[in-house]
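Please read the structure below before turning to the comments.
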Amino acid sequence: MSDAELFKNAKLMKGAAIALTAMCMLLLIMGLFLIIKKGAGFTGLIVIPAALTPIILLNTQSLKELKKEMAARNL
355 MSDAELFKNA KLMKGAAIAL TAMCMLLLIM GLFLIIKKGA GFTGLIVIPA
405 ALTPIILLNT QSLKELKKEM AARNL
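Residue 355 is where the sequence shown starts when you use our numbering, and the numbers rise one by one after that.
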């Protein structure tokens, strides 16, 4: 992988991880709001963030590996 591709992939992974984390937190907050305020028993908005958590963890792990590679190349 070239240096330019490495920077591009790191930037893309960081943006994706931040966006996915923000959306999961928003869904979790909305789900908790529905349960507490509206009395809507179980809602799928609680399950979705839990299901997407492994993807967030994989993205952050890949980002760490990219940063480690960038450090090894002295970029």
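Here a beta-carbon is modelled for each residue, glycine too, at the ideal position from N, C-alpha and C.
None of the values given here were measured: they were computed from a predicted structure.
Item, Value
"Alpha-carbon spacing of M384 relative to R427, whole angstroms", "43 Å"
"For G369, the first and last residue of its enclosing alpha helix (DSSP H)", "357-391"
"Euclidean distance between Cα positions of A364 and A425", "12 Å"
"Member of G395, L420, M367 whose CA lies at the smallest distance from the CA of I409", "M367"
"A394: first and last residue of the uninterrupted alpha helix (DSSP H) it sits in", "Unbroken run through A394: none, as it is neither H nor E."
"Exposure of A376, with buried meaning 16 or more beta-carbon neighbours within 10 Å", "exposed"
"Under 7 Å between C-beta atoms of L399 and L381", "yes"
"Distance between beta carbons of L420 and L360, contact taken as under 8 Å", "6 Å"
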